[in-house]
Ligand SMILES: [Zn+2]
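And the structure:
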């Protein structure tokens, strides 16, 4: 059997970090460290010949000054064979947005990133900031953590948001949701109980994330995917390489060593998210 691995980075960029850090915990050095960590990830990806997917904020791709605008690095990511996806325009909390704000964040981030890398149509994926909403009313998923509800808010339920994502020209998005009965029964300390399979919804392929991190749990997932011929998606945050937890640099290095070794033995394929995905939609 051989499995498939895809790695997605939630690259918030300075604008995303400002919008997502616990208020008002701002520290300019953290912004610089995240950018440096992406360079480290690119070096490792090159060393092990591992393609990855980087979901980036559109604001970071707009013309302007470092470190808030990092077009040169985004071009480097693209030129080294990795996939660039959108992580919204400025890391908005989608359940709070008006429908028009959602459309603008989706379209402007795609346009800014594609203009930056110079390839129209290059941005095929959308990674929802904060992974919110986790509610999907039609599927019985209701997450109080979304903090905004109602059928008139298209950003408050995954079903309606995914339709807008598709209308903006995206082909895939990563989703986290689970029906309320699973929510009540599950262990809240684990991130392993969300929907885990690929599926198509309207024109968009829904991507699960099986785990955030590169520690022993991620390695067990990798070996299990190989044994079962599974499609594994592992996600991480470049900023977290410095935090010394599941997503630490040490864990990443040993995870990539294992990945390269299994791949070299013919047991594993490593792909960007878009690679080999769109036959699902045909
Ligand atoms: Zn993010």
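Residue numbers (our numbering): 457 to 738. Each residue gets a CB set at the ideal place from its N, CA and C atoms; glycine is no exception.
Every alpha helix (DSSP H) stretch that sits fully inside the region 497-550 and reaches 4 residues is listed by chain position as 514-517, 527-535. Nearest in C-alpha terms to residue 620, of all of 670, 660, 710, is 660. If you draw a straight line from the Cα of residue 731 to the Cα of residue 597, it is about 30 Å long. Relative to ligand 1, even the nearest heavy atom lies 7 Å or more away from the CB of residue 589. Minimum Cα-Cα distance from residue 587 among the listed residues 630, 578, 580, 571 corresponds to 630. Beyond the five residues adjoining it in sequence on each side, residue 491 comes within less than 7 Å, by CB distance, of 523, 526, 529 in the same chain, given in chain order. The straight-line gap separating the alpha-carbon atoms of residue 658 and residue 622 is approximately 7 Å. Taken from the Cβ of residue 669, every heavy atom of ligand 1 lies 7 Å or farther away.
Spanning the alpha carbons of residue 617 and residue 655 requires a straight line of approximately 16 Å.
Relative to residue 468, the option among 714, 694, 582 whose CA is nearest is 694.
At least one heavy atom of ligand 1 is found less than 7 Å from the C-beta of residue 543. In this structure, DSSP gives residue 659 a state outside helix and strand, which the three-state scheme calls coil. The C-beta separation of residue 688 from residue 678 comes to about 6 Å, placing the pair in contact by the 8 Å criterion. Within the same chain, and ignoring the five residues on either side of residue 733 in sequence, the residues whose Cβ sits closer than 7 Å to its Cβ are 628, 661. In the assembly as shown, residue 684 is an exposed residue. Its beta-carbon has fewer than 16 other beta-carbons within 10 Å. Annotation for residue 615: the continuous alpha helix (DSSP H) segment containing it runs 614-623. With a cutoff of 8 Å on beta-carbon distance, residue 724 and residue 459 are scored as near each other. Taking C-alpha positions only, residue 550 is separated from residue 722 by approximately 41 Å. Ranked by Cα distance from residue 475, the first of 699, 663, 592, 516 is 516.
Taking each of 702, 674, 606 in turn and checking the Cα distance to residue 555, the smallest one comes out for 606.
Residue pairing by DSSP places residue 581 opposite 628 in a beta bridge.
If you draw a straight line from the Cα of residue 613 to the Cα of residue 591, it is about 5 Å long. Going by C-alpha positions, residue 674 is about 34 Å away from residue 518.
In this structure, ligand 1 has no non-hydrogen atom nearer than 7 Å to the beta-carbon of residue 602. For residue 514 against residue 569, the beta-carbon gap comes to about 6 Å, under 8 Å, which counts as contact. Residue burial is scored here from C-beta neighbours: residue 594 has fewer than 16 other C-beta atoms within 10 angstroms and is therefore classed as exposed.
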